[in-house]
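**Student:** First, the structure itself, so that you have it in front of you.
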Amino acid sequence: MDLTELMNTDDLLADAEANNAVSQRLIHQVEHLSNLCQAFYECLSDAGIDNSTITRKLSEINERTNETEYATNGFLTECHSCGKLVSSRHSYCTSCGTRLTKSFIL
9 MDLTELMNTD DLLADAEANN AVSQRLIHQV EHLSNLCQAF YECLSDAGID NSTITRKLSE
69 INERTNETEY ATNGFLTECH SCGKLVSSRH SYCTSCGTRL TKSFIL
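Counted from 1, the sequence shown has number 72 at position 64 by this note's numbering; the numbering is strictly sequential.
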């Protein structure tokens with residue numbers, strides 16, 4: 009193994025370690041947000057707000073996000089599973105959870 013290959017291996021290892029650190033931070037953030045959502049959901053349930061009200065509010069938020077996205081870039085993506093229009097920033101449908109392909113709708 010020559011010096012160039014050795015340096016390249018060191019660079020790859022450093023990149024892998026950095027990516028692992030980022031992944032661990034993201035996992036921690038997702039776990040924290042999941043717990044936060046659970047706490048909010050339980051508080052709302054305790055206050056008598058049912059799941060359909062929460063789902064309706066989430067749908068309203070998604071619609072506002074789509075309107076903002078369309079106003080900003082003019083692109084939305086149509087979910088091939090449920091047909092909903094979703095912000096082109098998303099990788100998954102915010103309505104049904106299907107992984108999106110990036111076919112843009114004007």
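Quick reminder that beta carbons are idealized off the backbone N, C-alpha and C, glycines included.
Note that the structure is predicted; figures quoted are calculated from it, not measured.
With a threshold of 16 other CB atoms inside 10 Å of the CB of E77, please say whether the residue is buried or exposed.
**Tutor:** By one-based count along the sequence shown, residue 77 stands at place 69. It counts as buried.
**Student:** State the CB to CB distance for the pair L108 and C87, rounded to an integer number of angstroms; the pair is presumed to be in contact (CB under 8 Å).
**Tutor:** In the sequence shown, residue 108 corresponds to position 100, counting from 1. In the sequence shown, residue 87 corresponds to position 79, counting from 1. With a beta-carbon spacing of about 6 Å, L108 and C87 fall inside the 8 Å limit used to define contacts.
**Student:** Less than 8 Å between C-beta atoms, sequence neighbours within five positions excluded: which residues of the same chain meet that for C90?
**Tutor:** Numbered from 1 along the sequence shown, position 82 holds the residue referred to as residue 90. The residues are C101, S103, C104, T106.
**Student:** Starting from L108 and walking both ways along the alpha helix (DSSP H), at which residues does that stretch end?
**Tutor:** Counting from one through the sequence shown, the residue named residue 108 turns up at place 100. Where L108 is concerned, there is no enclosing alpha helix (DSSP H), because DSSP gives it neither an H nor an E.
**Student:** By a C-beta neighbour count over all protein chains shown, 10 Å radius and 16 as the cutoff for buried, is S115 buried or exposed?
**Tutor:** This structure gives no information on residue 115, because the portion of the chain shown stretches from 9 to 114.
**Student:** Could you name each continuous alpha helix (DSSP H) segment of 4 residues or more that falls completely within the segment 49-110, going from the start of the chain to the end?
**Tutor:** 59-81
**Student:** Less than 8 Å between the CB atoms is what I'm expecting for S99 and L84, so what's the real figure, rounded?
**Tutor:** Within the sequence shown, the letter at position 91 stands for residue 99. Within the sequence shown, the letter at position 76 stands for residue 84. Not a contact, Cβ separation roughly 14 Å.
**Student:** Quick one: using the 10 Å Cβ neighbour count with 16 as the cut-off for buried, is V38 buried or exposed?
**Tutor:** Counted from its first residue, the sequence shown places residue 38 at position 30. The residue in question, V38, is exposed, as its Cβ has fewer than 16 Cβ neighbours within 10 Å.
**Student:** Give me the Cα-Cα distance between E68 and T61, rounded to the nearest whole angstrom.
**Tutor:** Counting from 1 along the sequence shown, the entry for residue 68 is found at position 60. Counting from 1 along the sequence shown, the entry for residue 61 is found at position 53. Looking at the two C-alpha atoms, the distance is approximately 11 Å.
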